[in-house]
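In my numbering, the protein residues as written are -12 to 76. Idealized CB from N, CA, C, for every residue including glycine. Here is the structure we will look at, set down as structure tokens.
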Amino acid sequence: MDLSNLFLASLNPQTRSQAEASLLQASIQSSFLVQLLQLVLNTSERKEARQAACVYFKNTVKRRWNEDVSLLQLGCHLSVYIKILQIGI
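The following block contains the structure:
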């Protein structure tokens, strides 16, 4: 299941648990934050999926803030996140 469908499934109480487990597994991938931001910026995706991905991105950054993450890599992701906030999704 692609990220957009996982986020849509996470909004449904009947499929939430399985979708959240799949998202947690996907978040281990090194490219996950980039994929989240690509989803958020993709205007052809449903707004609900884009908003859920944006919140998930924020929560992931917050959770990983104190983990051993390259500051350069985190800075790159944060600059895109700030751009998203300026767009006003």
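CB of residue i within 8 Å of CB of residue j, strictly
i	j	result
Phe44	Leu20	yes
Ala40	Leu26	yes
Residue i versus the options, residue with shortest Cα-Cα distance
i	options	result
Ser(-9)	Arg51, Thr47 and Ser9	Ser9
Ser(-3)	Thr47, Ser18 and Ala36	Ala36
Length of the line joining the Cα atoms of residue i and residue j
i	j	result
Gln22	Gln1	25 Å
Glu7	Ser31	23 Å
Leu28	Trp52	23 Å
Lys34	Val42	12 Å
Gln5	Lys49	23 Å
Leu11	Met(-12)	13 Å
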